[in-house]
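For the sequence shown, the numbering used here assigns the number 13 to the initial residue and increments by one for each residue that follows. For glycine and all other residues, C-beta sits at the position ideal for the given N, C-alpha and C. Just so it is clear, the structure is predicted and the values come from calculations on it, not from any experiment.
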Amino acid sequence: MTVARSTGAALMALATSGIAWSATAQDNLVRNLVIAADPQPFSTDDLLWMEVDAGGVALTDSMNVYASRAGVFVPLGEFSRVLDLAVGVFPAQRRAEGWVLDPSNRITVDLATREAKVAGRTIRFGADQAAIYDDDLYLRTDLIEQLLPVKLKADASAQMLTVATTRALPFEQRAERARRQAAAGIIDAEDDVVRQSTPYRLASPPAFDVNIGGQVARDGIDNARRYDVRAAGDLLYAGLEAYVGSDDEGAINAVRVALTRKDPYGHALGPLGGTRASIGDVFSPSMPIGVSGVAGRGVYYSSAPLENLDLATPLNLRGELALGEEVELYVNEVLQRAQTSPVQGRYEFLDVPLAFGLNTIRLVFYGSQGQIREVVRRINFGSGQLEPGRFVVRLSAVEQGLTVFDVGDPIGGQDVGALRLVATVDYGLSPGLTLSAGAARYEPLGRDSRTLGTAGVRSSLGPVAAQIDVALDDQGGHGVSVGLATRAYGVSLIGRHSEYGAGFIDETRQLGALDQAPLSRATDIRADGQWTAPGGLVVPISLNARRLVRTDGVNLTTAELRASAPIGRFYASSNIAYEAETDGGADRRRWLGGVDVTTLVSARLQTRAGLTYELSPDLSLDTAYATADWQLSPTAALRFGAIRTLGPQATTTVQASHLWRASRFDLALNVGYETRRQDWRVGLQLGFGFGYDPGRDRYRLTRPGVAGGGSVAINAWVDENGDGLRQTDEPGVPGIVADTNAGGVTTDADGRVYATGLGDVPTARIRLTTEGIDDPFLVGGPTDIQIVPRPGQAAQIDYPMQRSAEVQLLALLVRGSGEPRPLAALAIELVPQGTGAPIAGRSDHAGVLFFERVRPGIYDVRLDGDQAHALGVSLVEGARVVVPATGGFVDAGRFLVRIEGEVRQ
Numbered sequence: 013m014t015v016a017r018s019t020g021a022a023l024m025a026l027a028t029s030g031i032a033w034s035a036t037a038q039d040n041l042v043r044n045l046v047i048a049a050d051p052q053p054f055s056t057d058d059l060l061w062m063e064v065d066a067g068g069v070a071l072t073d074s075m076n077v078y079a080s081r082a083g084v085f086v087p088l089g090e091f092s093r094v095l096d097l098a099v100g101v102f103p104a105q106r107r108a109e110g111w112v113l114d115p116s117n118r119i120t121v122d123l124a125t126r127e128a129k130v131a132g133r134t135i136r137f138g139a140d141q142a143a144i145y146d147d148d149l150y151l152r153t154d155l156i157e158q159l160l161p162v163k164l165k166a167d168a169s170a171q172m173l174t175v176a177t178t179r180a181l182p183f184e185q186r187a188e189r190a191r192r193q194a195a196a197g198i199i200d201a202e203d204d205v206v207r208q209s210t211p212y213r214l215a216s217p218p219a220f221d222v223n224i225g226g227q228v229a230r231d232g233i234d235n236a237r238r239y240d241v242r243a244a245g246d247l248l249y250a251g252l253e254a255y256v257g258s259d260d261e262g263a264i265n266a267v268r269v270a271l272t273r274k275d276p277y278g279h280a281l282g283p284l285g286g287t288r289a290s291i292g293d294v295f296s297p298s299m300p301i302g303v304s305g306v307a308g309r310g311v312y313y314s315s316a317p318l319e320n321l322d323l324a325t326p327l328n329l330r331g332e333l334a335l336g337e338e339v340e341l342y343v344n345e346v347l348q349r350a351q352t353s354p355v356q357g358r359y360e361f362l363d364v365p366l367a368f369g370l371n372t373i374r375l376v377f378y379g380s381q382g383q384i385r386e387v388v389r390r391i392n393f394g395s396g397q398l399e400p401g402r403f404v405v406r407l408s409a410v411e412q413g414l415t416v417f418d419v420g421d422p423i424g425g426q427d428v429g430a431l432r433l434v435a436t437v438d439y440g441l442s443p444g445l446t447l448s449a450g451a452a453r454y455e456p457l458g459r460d461s462r463t464l465g466t467a468g469v470r471s472s473l474g475p476v477a478a479q480i481d482v483a484l485d486d487q488g489g490h491g492v493s494v495g496l497a498t499r500a501y502g503v504s505l506i507g508r509h510s511e512y513g514a515g516f517i518d519e520t521r522q523l524g525a526l527d528q529a530p531l532s533r534a535t536d537i538r539a540d541g542q543w544t545a546p547g548g549l550v551v552p553i554s555l556n557a558r559r560l561v562r563t564d565g566v567n568l569t570t571a572e573l574r575a576s577a578p579i580g581r582f583y584a585s586s587n588i589a590y591e592a593e594t595d596g597g598a599d600r601r602r603w604l605g606g607v608d609v610t611t612l613v614s615a616r617l618q619t620r621a622g623l624t625y626e627l628s629p630d631l632s633l634d635t636a637y638a639t640a641d642w643q644l645s646p647t648a649a650l651r652f653g654a655i656r657t658l659g660p661q662a663t664t665t666v667q668a669s670h671l672w673r674a675s676r677f678d679l680a681l682n683v684g685y686e687t688r689r690q691d692w693r694v695g696l697q698l699g700f701g702f703g704y705d706p707g708r709d710r711y712r713l714t715r716p717g718v719a720g721g722g723s724v725a726i727n728a729w730v731d732e733n734g735d736g737l738r739q740t741d742e743p744g745v746p747g748i749v750a751d752t753n754a755g756g757v758t759t760d761a762d763g764r765v766y767a768t769g770l771g772d773v774p775t776a777r778i779r780l781t782t783e784g785i786d787d788p789f790l791v792g793g794p795t796d797i798q799i800v801p802r803p804g805q806a807a808q809i810d811y812p813m814q815r816s817a818e819v820q821l822l823a824l825l826v827r828g829s830g831e832p833r834p835l836a837a838l839a840i841e842l843v844p845q846g847t848g849a850p851i852a853g854r855s856d857h858a859g860v861l862f863f864e865r866v867r868p869g870i871y872d873v874r875l876d877g878d879q880a881h882a883l884g885v886s887l888v889e890g891a892r893v894v895v896p897a898t899g900g901f902v903d904a905g906r907f908l909v910r911i912e913g914e915v916r917q
């Protein structure tokens with residue numbers, strides 16, 4: 013009561029005093045006396061600077077929070093600005109007002125009446141729940157939770173204020189919109205990625221890969237000498253790819269050559285569009301029904317997305333496979349296929365099973381001496397629907413099984429030399445309907461040539477993607493195929509059924525069996541999902557089943573269940589397969605299986621082991637193998653292997669290799685012994701590449717792989733004059749790490765690095781990491797650069813860097829005639845007067861804004877538009893920041909802002 017009596021006496025003295033008080037002085041005195049009559053529930057000693065976190069997102073590094081015995085008090089004005097809510101505080105009026113999420117959801121807090129109103133609801137609060145302090149309205153956390161859609165948890169010892177939202181706040185809504193747009197392909201999920209073009213040239217220095225191998229056997233019969241050479245580069249404004257391979261006698265038996273233009277953005281042939289066009293030794297496209305893809309000499313054109321497939325189009329993977337290499341195919345981390353030796357220098361996986369949606373395709377290559385490399389692709393497998401008005405065309409004319417240079421054995425059978433013409437077109441009629449049509453002239457294996465026409469639709473029925481295709485040929489044959497796909501409870505489900513009549517030949521469903529009776533119907537079912545085992549282990553599982561019914565009465569049924577999962581340091585894959593053939597009264601059934609285990613790729617000691625077995629009709633072990641690759645040092649490795657084959661010709665083969673991996677070549681010594689014939693073999697293999705480094709304008713001797721895929725040359729330097737061109741006296745920047753899909757490399761003392769092995773994928777992303785450089789003030793351009801790699805071509809990435817600045821600004825709020833006060837949680841942008849994106853920042857609890865890595869130049873200070881509009885904040889006068897070319901620390905002084913409505917004070 014002492015305070016109350018003193019206050020009343022002071023007010024009486026003011027009323028009866030004859031002193032001439034100004035109106036402002038009277039208002040200030042009254043305000044101070046009223047505050048004195050209402051003690052604060054906390055003191056300056058209770059101040060804590062707390063970090064504010066919401067669901068793992070740091071909203072601000074520090075905010076003034078007071079924690080006393082009365083509770084934890086949060087500044088409503090600053091907290092609202094942190095959450096991007098339109099709530100303003102008016103200290104002179106001892107109130108706050110604004111709206112939350114929607115202008116109709118008004119909120120007011122009045123300390124004079126100790127009432128708060130939100131959405132028409134009145135909340136009474138006590139003197140120990142709210143206080144005006146330091147030009148903000150501090151509310152206890154329990155009152156904050158009644159007014160705003162949040163739950164708060166304050167940890168004083170950790171100096172952390174954790175926010176759990178009960179409704180989506182503006183920062184969460186923005187993140188969700190960005191996620192949906194990225195998932196729909198409307199925007200890039202990482203919109204700071206810069207695309208760098210690599211235009212085709214009339215001619216460029218080609219790259220070469222050379223593999224040479226020789227073998228000496230005990231009996232002299234199996235002596236061998238083999239080689240293969242690959243060359244790639246630009247020629248006639250296209251990408252040239254050439255291959256020459258020999259047989260075991262050293263005679264050339266395979267020659268391939270092709271000119272290709274590739275552009276995932278749809279400009280492969282300039283005004284004619286397209287994503288891929290080739291001439292030479294090419295592959296024809298598959299049709300939804302009837303015609304499959306084959307190899308031959310001819311031309312090919314497509315405007316279809318490089319990484320998108322529809323339900324009826326099989327995925328056929330083909331690529332370069334070096335002498336002595338093996339390759340395993342993983343789809344969504346499940347081992348699906350393997351190829352242990354190249355066929356005419358290639359690997360080939362036909363009709364790869366995919367899940368509905370986005371698929372991760374991982375090709376793991378194992379060199380004969382333990383080298384390991386991976387190529388990863390993302391394939392979107394969906395309904396095939398197109399945007400309204402968009403056309404997609406695929407065209408090809410191929411002479412089956414022939415190559416441009418008629419050398420060695422042909423790559424086909426009875427149909428070698430037959431002309432195969434294929435044309436398909438898809439058109440987006442509406443957002444939910446795409447039309448498809450096609451025509452072909454082809455000769456199935458062992459059959460007469462025929463002309464085929466197809467028509468189809470692609471659509472969606474709610475969450476189910478649907479496709480229907482019909483086909484007729486000039487032999488009277490006909491077929492219809494229906495496909496459905498969806499995802500339910502995290503499981504991808506795909507089904508496809510086809511009916512055929514009058515001898516129709518569907519190559520896409522009868523692979524490798526076209527000399528048999530044609531099909532009358534075919535059914536495929538595929539399911540892909542994950543099983544969570546006890547202990548939290550997630551196991552990807554894939555089930556594929558197919559039933560074929562031929563016109564001669566034979567029924568063929570196959571089913572395979574595959575699963576793969578990491579177990580400790582190992583990756584295990586297992587499969588069980590069922591095969592059944594019914595032919596009249598005959599009934600043949602088999603159950604088969606296999607297990608493969610490998611250590612993870614990053615391990616120094618890489619081991620692989622596996623076995624295949626038969627469960628029925630006879631329980632038996634077919635084969636077993638084990639290999640161990642030991643990385644002795646960065647330049648040396650050992651391999652040991654053993655293979656046991658059982659059955660009538662049971663035998664064991666043991667192998668050993670020593671690999672020297674120099675920076676410019678691979679050299680391996682191989683020895684082997686086979687027990688049944690007591691045969692030994694000794695071999696030597698050398699592999700190297702020649703790649704042109706545009707950064708140094710000369711050839712480099714590299715390890716193999718430079719001609720089979722793209723490369724990148726990075727040039728990083730201190731751009732002291734800011735012209736973007738490297739001068740002879742401008743120093744390089746060492747220590748920049750470039751992460752590529754082939755691994756990480758680091759710039760040398762001259763700021764340069766040359767990296768190979770990017771593959772022939774549609775796009776490759778180069779991520780530059782500059783944390784390892786010595787000068788902390790050096791700043792460069794975008795660190796994520798996307799290129800279109802192509803065989804034999806090195807993309808040049810110039811990366812000029814400048815010395816940046818650390819800029820400090822002080823935000824002050826002007827209120828009436830009083831001294832300006834620091835304003836926390838104010839969002840501003842530094843806008844460069846030249847080119848470049850604005851730099852966003854937010855003031856801390858002391859009104860200080862700190863910007864790092866600011867490039868030299870002149871910047872205007874601009875308020876964040878959304879916050880300024882919501883809170884009525886404006887600049888008192890324009891502010892400017894000047895960053896010198898030398899960088900360093902820049903104290904840019906202070907700038908003043910005012911808040912609308914303060915005139916009411």
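With 16 or more neighbouring CB atoms inside 10 Å of its own CB, H857 falls in the buried class. Between R152 and F85 a beta carbon distance of about 6 Å is seen, short of the 8 Å cut, so the two are scored as contacting. Beta-bridge partners of F220 (DSSP): A243, F702. By the criterion of a C-beta distance shorter than 7 Å, G721 is surrounded in its chain by G769, L770, G771, D772, P801, P803, once the five residues flanking it on both sides are discounted. Under the three-state reduction of DSSP, R186 is assigned to helix. For the set A497, P552, A640, G684, the Cα lying nearest the Cα of L321 is the one of A497.
Secondary structure at T664: strand, using DSSP grouped into helix, strand and coil.
Note on the segment 760 to 835: whole beta strand (DSSP E) runs with a minimum of 3 residues are 764 to 767, 776 to 781, 796 to 799, 806 to 815, 817 to 825, in chain order.
Under the three-state reduction of DSSP, R152 is assigned to strand. About 17 Å separates the beta carbon of F907 from that of A817, a gap too long to meet the 8 Å contact definition. By the Cβ test, the segment 745 to 760 is not in contact with the segment 680 to 699, since fewer than three Cβ pairs between them sit closer than 8 Å. DSSP places F54 in the coil class of the three-state scheme, outside both helix and strand. For G308 and V419, the gap between their C-alpha atoms comes out near 13 Å. Put simply, the backbone Cα of N682 is about 24 Å away from that of V256. Across the structure, A754 and L113 are spaced so that their CA atoms are roughly 47 Å apart. In the structure shown, E157 falls within a helical segment according to DSSP collapsed to helix, strand and coil. With respect to Y313, S290 sits close: the two C-beta atoms are nearer than 9 Å. Excluding five sequence positions before and after I264, the CB atoms of its chain that fall closer than 8 Å to its own CB belong to V256, G257, S258, V419, G420, given in chain order. Counting only runs of at least 3 residues, the segment 588 to 650 fully encloses the following beta strand (DSSP E) elements, listed from N- to C-terminal order: 598 to 611, 617 to 628, 632 to 645. In this structure, N344 places its C-beta atom within 9 Å of the C-beta atom of T372.
When DSSP states are grouped into helix, strand and coil, F368 belongs to the coil group.
The closest CA to that of D691, considering only A598, N587, V666, S116, is found on V666. Rounded to the nearest angstrom, the Cβ distance from L838 to P832 is 13 Å, too far for a contact under 8 Å. Ranking V609, P300, D140 by CA distance to the CA of S576 puts V609 first.
The beta-carbon distance between A219 and G707, rounded to whole angstroms, is 15 Å. This is too long to meet the 8 Å contact definition. Beta-carbon to beta-carbon, A806 and V724 are separated by about 6 Å, close enough to satisfy the 8 Å threshold. The three-state secondary structure of L883, taken from DSSP, is helix. Minimum Cα-Cα distance from A761 among the listed residues I785, R854, P774 corresponds to I785. The Cβ-Cβ distance between Y359 and Q351 falls below 9 Å. Exposure of S829 is indicated by the presence of fewer than 16 other C-beta atoms within 10 angstroms of its C-beta. Following the DSSP letters along the chain, one finds F137 in no alpha helix (DSSP H), marked with neither H nor E. Straight-line measurement puts the Cα of V364 at about 26 Å from the Cα of V269. Annotation: the continuous beta strand (DSSP E) that includes L271 extends over 264 to 274. Annotated three-state conformation of D96 is coil, per DSSP. In the structure shown, E63 adopts extended strand secondary structure according to DSSP, grouped into three states.
Within its own chain, the residues whose Cβ lies closer than 6 Å to the Cβ of F582, once the five positions on either side in sequence are excluded, are V609, T611, listed in chain order.
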